[in-house]
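Engineer:
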Amino acid sequence: MAGSEYKATVRYAGDELFIGTSPGSVSVAIDVKGDRKSAPTPMEMLLISVAACTAADVSSIMEKKRQDVREYLVEVTGTRVEEHPRKFTAFHVHHIVRGRNVSEQALAHAIELSDQKYCSVAATVRPTAEITTSYEIKEIEV
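Sequential numbering from 44 applies to the sequence shown in our numbering.
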């Protein structure tokens, strides 16, 4: 099955700092100098990618389900092995929704659809890493 091809570039900027450019020509700094923390490392970007992919799916699905979501946060934790190449073996994705009368069933279904059907980042990492999910709903007072 043939698919679409995407091209990104990474340019060395000196002092263990790189500039990544996406296929859409958006640039982002990447820092591999452990103690500087001026930009995400490649592995930190993978964590962010897992969270961002599911967040985009879930927020869109919840909007289509006409849920009154006022705030939405996704926390992702990754477990890495100590030996090289220090890959992630597990991700836990925790969804926190604040809103009014948000349906637990709607949220659970949106997360399941993202996790099992729509999130391409999850589908990419799932062959080598387990992904678990959880959620909480916080009611907002009027």
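Idealized CB from N, CA, C, for every residue including glycine.
Suppose you measure from the CA of residue 149 to the CA of residue 104; what does that come to, to the nearest Å?
Structural biologist: Residue mapping note: residue 149 aligns to position 106 of the sequence shown, counting from 1. Residue mapping note: residue 104 aligns to position 61 of the sequence shown, counting from 1. Spanning the two alpha carbons is a distance of roughly 9 Å.
Engineer: For the candidate residues 175, 107, 66, whose alpha-carbon lies nearest to that of residue 132?
Structural biologist: Working through the sequence shown from its first residue, we reach residue 132 at position 89. For the residues 175, 107, 66, the minimum Cα distance to residue 132 belongs to 175.
Engineer: Could you have a look at residue 50 and say whether DSSP puts it in helix, strand or coil?
Structural biologist: As a working mapping, residue 50 is identified with position 7 in the sequence shown. Three-state result, residue 50: coil.
Engineer: Taking the alpha-carbon positions, what's the residue 178 to residue 108 distance?
Structural biologist: For the purposes of this step, residue 178 is taken as residue 135 along the sequence shown, with counting starting at 1. For the purposes of this step, residue 108 is taken as residue 65 along the sequence shown, with counting starting at 1. The straight-line gap from Cα to Cα measures roughly 17 Å.
Engineer: Skipping 5 residues on each side, what residues in its chain have a beta carbon closer than 7 Å to that of residue 111?
Structural biologist: Numbered from its first residue, the sequence shown carries residue 111 at position 68. Excluding residues within five positions, the ones whose Cβ falls inside 7 Å are 142, 143, 144, 145.
Engineer: According to DSSP, what are the bridge partners of residue 178?
Structural biologist: Reading the sequence shown from its first residue, position 135 is the one you call residue 178. The partner list for residue 178 (beta bridge, DSSP) reads 138.
Engineer: If we count Cβ pairs, one from each stretch, closer than 8 Å, do we get three or more for the stretch 91-99 versus the stretch 65-77?
Structural biologist: Segments in contact, no.
Engineer: Is it true that the CB of residue 63 sits closer than 9 Å to the CB of residue 93?
Structural biologist: Looking up residue 93 in the sequence shown gives position 50. Looking up residue 63 in the sequence shown gives position 20. No.
Engineer: When DSSP builds the beta bridges, which residues end up paired with residue 111?
Structural biologist: Residue 111 sits at position 68 when you count from the first residue of the sequence shown. DSSP lists 143 as partners of residue 111.
Engineer: How about residue 124 and residue 130: do their beta carbons lie closer than 9 Å?
Structural biologist: Taking the first residue of the sequence shown as position 1, residue 124 is located at position 81. Taking the first residue of the sequence shown as position 1, residue 130 is located at position 87. Their beta carbons are under 9 Å apart, which means residue 124 touches residue 130 by this criterion.
Engineer: As a quick exercise: from 48, 139, 180, pick the residue whose alpha carbon is nearest that of residue 66.
Structural biologist: The residue you call residue 66 lines up with position 23 of the sequence shown. Nearest of 48, 139, 180 to residue 66, Cα basis: 48.
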